[in-house]
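Peer 1:
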Amino acid sequence: MSATDRERRYRELLAFADHVRGGEIDPVWIGDSVGFTDDGVHHVVNRADGGRRTVRELGPGDVVTGKRVRRAYKIGRPDVFEAPSPCGRFFAGESGPDLSVRWAADDRSERLTTDGTPEHRWDVKGAAWDPDGLRLLARKVDTGGMDRLHVMHWLKPNSEVEVIPTGNVAGRLEDVSLHVVHRVSRRVVRIDSGPEIEQDLRPLGWSTDGRELYYLKTNRYRNPFTLMAADPETGVSRVVHEERSPTWVSFWEKGMSCHLLPSRSGFLWLAERDGWAHLYRHDLDGRQVARLTEGEWPVTGVAGIDEAGGWVYFTAHSDPKRPYDTHLCRVRLDGSGLRQLTEEPGTHRVRLSPAMDAFVDTHSSVDRPAASDLRRADGSLVCRLSEARVELPDGVTWRAPEAFTVLAADGETELHGQLYLPSDFDPARSYPIIDSIYAGPNSAYVPTHLLDANGIQSRALAELGFAVVMLDARGTPERSKAFHDVVYRNFGRHEIPDHAAAIEQLSADRPYLDASRVGVYGRSFGGFFTTRALLAAPEVFHVGVSINGNFELREGSPGPVECVMGPLEDNLDGYDFGSNLALADRLRGKLLLIHGTSDINVPFSAAMKAAEAFTRAGKPFDFLPVNEQPHHFTGLHKTYLSMALARYFCEHLGVDAL
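Under the numbering used here, residues 60 to 717 are what the sequence shown spells out, in order.
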């Protein structure tokens with residue numbers, strides 16, 4: 060295959076998602092039917108018998124949703140939407156730094172508060188109306204004591220500086236307070252959540268009679284998580300339940316996974332009390348009523364609670380033979396009747412009907428495009444709603460990756476990953492290896508569905524003539540607590556040895572893998588570990604591309620670091636060990652730093668500090684700043700990044716493809 064042909068295939072595979080039609084839908088529950096749009100056509104399907112008809116437009120759904128208020132502050136967080144009232148006639152939103160209410164009938168909007176400022180703003184994220192729609196539980200966020208991030212916008216006629224509040228390790232964080240705002244009188248009651256500073260408080264909801272409200276609180280170290288109840292008239296709070304861990308409550312955002320029962324007679328808590336993430340039922344005095352799930356597999360989230368029917372629907376990695384596949388399961392509220400409701404390998408994303416009598420199951424795997432099925436609550440199939448069609452150009456082939464299992468550097472722990480090979484793979488040839496790495500403690504990385512963006516990039520790189528490895532090492536989530544706790548106070552210590560061990564084992568078993576030519580690349584935490592690989596294991600990793608990476612734990616975003624590493628003053632040795640800048644003089648391979656100048660998840664200054672460290676150490680490196688790009692590149696800049704990545708590996712790993 061010529062270099063020109065390989066480049067064409069590379070570009071086409073980068074755009075693989077554009078060649079997939081249908082399969083993934085956004086369902087709307089309408090009475091006894093489900094509506095959705097598939098490839099530009101609107102369909103309505105009866106939930107009972109699967110009868111289908113096409114319509115000119117979809118009617119309003121049974122679930123009232125508000126407009127999007129704003130995008131999330133940081134990439135990767137969910138957008139913020141209006142909070143609908145119980146009757147659906149009005150919505151809580153934001154007007155600048157204040158809360159507002161919008162009337163559905165005429166779209167008229169008026170302010171609920173008037174005291175918000177840029178540094179002490181009201182926040183509608185998670186806001187909850189009482190049952191009568193007269194009082195709103197909402198957050199107020201104080202950023203006044205935080206450090207300031209200065210983002211330079213270079214492409215303006217005159218360069219401009221944007222100033223953004225930001226948190227740093229051991230620095231001040233935003234301080235959240237909760238308030239009840241009366242819609243008519245505008246009276247505001249502050250909830251007394253305790254004396255701790257820099258609390259993270261999140262509204263959960265109200266009792267059915269409106270006499271009590273519920274919220275979750277934690278601190279910057281995410282340990283403990285506490286369910287609180289409060290009197291909305293006085294603001295006085297009580298502790299309902301507290302979840303602690305000897306290490307940290309490692310379920311990340313899911314650590315705050317508490318779900319009130321519709322009757323408000325109790326709640327469900329997702330916790331790792333026995334070393335695996337499972338569901339527990341408590342009453343509103345905090346007493347455990349029942350354990351709902353157990354076993355050597357983790358629950359990943361609650362999909363819905365059918366209290367009248369006595370069921371809880373949840374997602375889980377419930378197939379021990381495929382420990383990262385995600386399925387929908389259900390169990391009774393007394394812990395009996397546990398059953399997995401989906402079967403196909405891969406990732407299942409579900410949307411339950413409001414009546415909890417049916418669900419739409421959208422599922423895909425790395426070797427199978429998405430399909431969406433309508434199923435009854437017991438998992439039985441009603442009908443297929445949509446099935447994806449892959450329409451690749453002539454001569455372009457999608458080759459599924461090979462799943463593999465290796466041992467971690469400890470010689471005992473099983474690690475799971477995927478190996479991507481070219482579509483014209485020849486076992487008699489020799490292929491350089493590229494390790495596509497993330498390794499952060501907040502997310503499993505190895506793809507489980509066809510349109511995973513990182514998997515698409517790996518597939519495209521393989522087509523140039525590389526063998527691309529993706530692996531979840533020790534310290535990553537979604538397995539056991541012990542597997543995750545390896546990273547506790549030890550960030551940067553075990554991840555690269557595990558990846559190096561995987562490459563050694565794979566190349567020993569597969570003579571076509573050339574361990575003398577190994578590249579590594581990643582974004583964010585993957586950027587950190589790309590550099591770490593070249594510095595800590597230069598005998599294994601020879602070429603690296605670090606994208607929007609941080610390099611110094613002391614200066615990182617505190618959320619993903621402090622809950623893993625603990626307070627800086629209590630773990631100085633651990634923070635020092637995790638510094639890449641301190642290892643700059645060890646660089647032997649080829650390194651390209653790529654960073655977006657408008658990144659606020661990992662500021663551009665991180666790359667500048669890495670550049671300075673390598674300069675002072677006298678180590679050559681390459682540097683590509685990308686103007687006005689945030690943590691995830693978009694548009695032509697995204698394509699340019701992918702081409703720069705490929706060119707660097709082709710040039711320095713000896714592949715004549717670009």
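Backbone N, C-alpha and C define an ideal beta-carbon position, used for all residues, glycine too.
Assuming contact is defined by CB atoms lying nearer than 7 Å, are V228 and R613 in contact in what I supplied?
Peer 2: yes
Peer 1: Which word fits A375, buried or exposed, when buried means at least 16 other C-beta atoms lie within 10 angstroms of its C-beta?
Peer 2: buried
Peer 1: Any contact between the region 569–581 and the region 490–499? By contact I mean 3 or more CB pairs, one from each, below 8 Å.
Peer 2: Put simply, the region 569–581 touches the region 490–499. At least three CB pairs are less than 8 Å apart.
Peer 1: From E93 to R106, what does the alpha carbon distance come to, in whole angstroms?
Peer 2: What sits at residue 93 in the sequence shown is Val, not Glu. Answer to the nearest angstrom: the Cα atoms are 7 Å apart.
Peer 1: Please go through the same chain and pick out, in chain order, the residues whose beta-carbon is closer than 7 Å to the beta-carbon of D234, but skip the five residues on each side of it.
Peer 2: D201, I256, E257, Q258
Peer 1: Between which two residues does the beta strand (DSSP E) containing Q516 stretch?
Peer 2: Counting along the chain, Q516 falls outside any beta strand (DSSP E), though it belongs to the alpha helix (DSSP H) covering 512–522.
Peer 1: Quick one: residues in its chain with C-beta nearer than 7 Å to the C-beta of R410, no 5 flanking neighbours on either side, listed in chain order?
Peer 2: Result list for R410: P86, F418, V419, in chain order.
Peer 1: Specify the secondary structure class of H78 as computed by DSSP and reduced to three states.
Peer 2: In the three-state scheme derived from DSSP, where H, G and I count as helix and E and B as strand, H78 is classed as helix.
Peer 1: Would the C-beta of L351 count as close to the ligand SAH, meaning under 6 Å from any of its heavy atoms?
Peer 2: Of ligands this structure carries none, so the ligand SAH is not represented either.
Peer 1: Between the Cα of D437 and the Cα atoms of G396, A429, G476, which residue gives the shortest distance?
Peer 2: G396
Peer 1: Nearest CA to the CA of V122: which residue from A498, C317, W88, G524?
Peer 2: W88
Peer 1: Can you tell me which of the three DSSP states I562 falls into?
Peer 2: helix
Peer 1: From Y339 to L400, what does the alpha carbon distance come to, in whole angstroms?
Peer 2: Going by the C-alpha atoms only, they are around 20 Å apart.
Peer 1: Excluding the five sequence neighbours on either side, which residues of its own chain have a C-beta within less than 6 Å of the C-beta of R350, listed in chain order?
Peer 2: Apart from the 5 residues on each side of it in sequence, R350 sits with its Cβ closer than 6 Å to the Cβ of Y339, G394 in its chain, given in chain order.
Peer 1: Within this structure, are the beta carbons of D189 and W265 separated by less than 7 Å?
Peer 2: Judged by their CB atoms, D189 and W265 are nearer to each other than the 7 Å cut-off.
Peer 1: Rounding to the nearest angstrom, what Cα-Cα distance links G325 and G152 in this structure?
Peer 2: 29 Å
Peer 1: Pick from T293, L263, R281: whose alpha carbon is nearest that of R323?
Peer 2: Nearest of T293, L263, R281 to R323, Cα basis: L263.
Peer 1: Rounding to the nearest angstrom, what Cα-Cα distance links P291 and R194 in this structure?
Peer 2: 9 Å
Peer 1: Let me know the secondary structure DSSP gives H543 once reduced to three states.
Peer 2: helix
Peer 1: Report the residue ranges of all alpha helix (DSSP H) runs contained in full by the region 407–470; include only those spanning at least 4 residues, in chain order.
Peer 2: none
Peer 1: On the DSSP bridge list, what partners appear for N105?
Peer 2: S92
Peer 1: Pair every Cβ in the region 600–612 with every Cβ in the region 518–525, then say whether three or more of these pairs are closer than 8 Å.
Peer 2: With fewer than three CB-CB distances shorter than 8 Å, the region 600–612 does not count as touching the region 518–525.
Peer 1: Is Y273 helix, strand or coil when you go by DSSP?
Peer 2: strand
Peer 1: Measure how close the beta-carbons of L286 and R198 come, nearest whole angstrom, since I'm counting them as under 8 Å.
Peer 2: Distance from L286 to R198 at the Cβ level is roughly 17 Å; contact not present, criterion being Cβ atoms closer than 8 Å.
Peer 1: Rounded to whole angstroms, how far is the Cβ of L530 from the Cβ of L474, which I believe are closer than 8 Å?
Peer 2: 6 Å
Peer 1: So what does DSSP say about Y571, is it helix, strand or coil?
Peer 2: coil
Peer 1: Taking G230 and D206 to be in contact with their CB atoms under 8 Å, please state how far apart those CB atoms are, rounded to whole angstroms.
Peer 2: 5 Å
Peer 1: Going by DSSP, what residues sit across from H654 in a beta bridge?
Peer 2: P684
Peer 1: If we ignore side chains and look at the alpha-carbon of each, how far apart do F75 and R67 end up?
Peer 2: 12 Å
Peer 1: By the three-class DSSP mapping on this structure, what secondary structure does K184 have?
Peer 2: strand
Peer 1: Give me the Cα-Cα distance between V724 and A186, rounded to the nearest whole angstrom.
Peer 2: Residue 724 is absent from the structure shown; the chain starts at 60 and stops at 717.
Peer 1: For the beta strand (DSSP E) holding R170, just list the boundary residues, first then last.
Peer 2: 168–170
Peer 1: Applying the 10 Å Cβ sphere with the 16-neighbour rule, what's the burial state of W162?
Peer 2: exposed
Peer 1: Ignoring anything shorter than 3 residues, give me the beta strand (DSSP E) runs that lie fully in the region 350–386, in order along the chain.
Peer 2: Within the region 350–386, the complete beta strand (DSSP E) runs of at least 3 residues are 358–365, 370–375.
Peer 1: Nearest by alpha-carbon distance to L712: which of V602, L640, E301 is it?
Peer 2: V602
Peer 1: Go ahead and pull the three-state DSSP assignment for M624.
Peer 2: helix
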